[in-house]
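Here is the structure we will look at, set down as structure tokens.
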Amino acid sequence: MHRSQKRGIDAFLETIEYPLHRKIIANYRRHAIFEICGYKDRIFTPDMTVEHPRYYLNVNGMSVTLDVEMRY
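In the working numbering, the protein residues as written are -11 to 60.
Below, the structure is given as structure tokens:
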């Protein structure tokens, strides 16, 4: 993440009033920083993920639900 991108996200965070939206953007920012710095092991930790994620996908017109149990 280029410094100007980080500053842009930081400035954007200051404008968000709804706490849940602010938390989502802050988590995205942290995820991006870890990924770009090569700290991929820090992305899939309990504080960066939900305990029981559920993914809804549409693949070639077919709906698929992935119900995942995280193990740390």
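All C-beta atoms in this analysis are idealised placements derived from N, C-alpha and C, irrespective of residue type, glycine included. Computed from a predicted model, the values in this text were never measured in an experiment.
Could you work out which residue in the options is closest to residue i when comparing CA atoms only?
| i | options | result |
| --- | --- | --- |
| V56 | N48, L8, G49 and Y44 | Y44 |
| N15 | N46, T37 and N48 | T37 |
Tell me, to the nearest whole angstrom, how far the beta carbon of residue i is from that of residue j; I am working on the premise that it is less than 8 Å.
| i | j | result |
| --- | --- | --- |
| I13 | F22 | So it is not a contact: roughly 15 Å between Cβ atoms. |
| H40 | I31 | Not a contact, Cβ separation roughly 18 Å. |
| T53 | R42 | 7 Å |
Can you tell me where the alpha helix (DSSP H) with residue i in it begins and where it stops?
| i | result |
| --- | --- |
| N145 | In the structure as shown, the chain starts at -11 and stops at 60, and residue 145 therefore has no counterpart that could be examined. |
For the beta strand (DSSP E) that residue i lies in, which residues bound it at each end?
| i | result |
| --- | --- |
| T53 | M50 to D55 |
| V47 | R42 to V47 |
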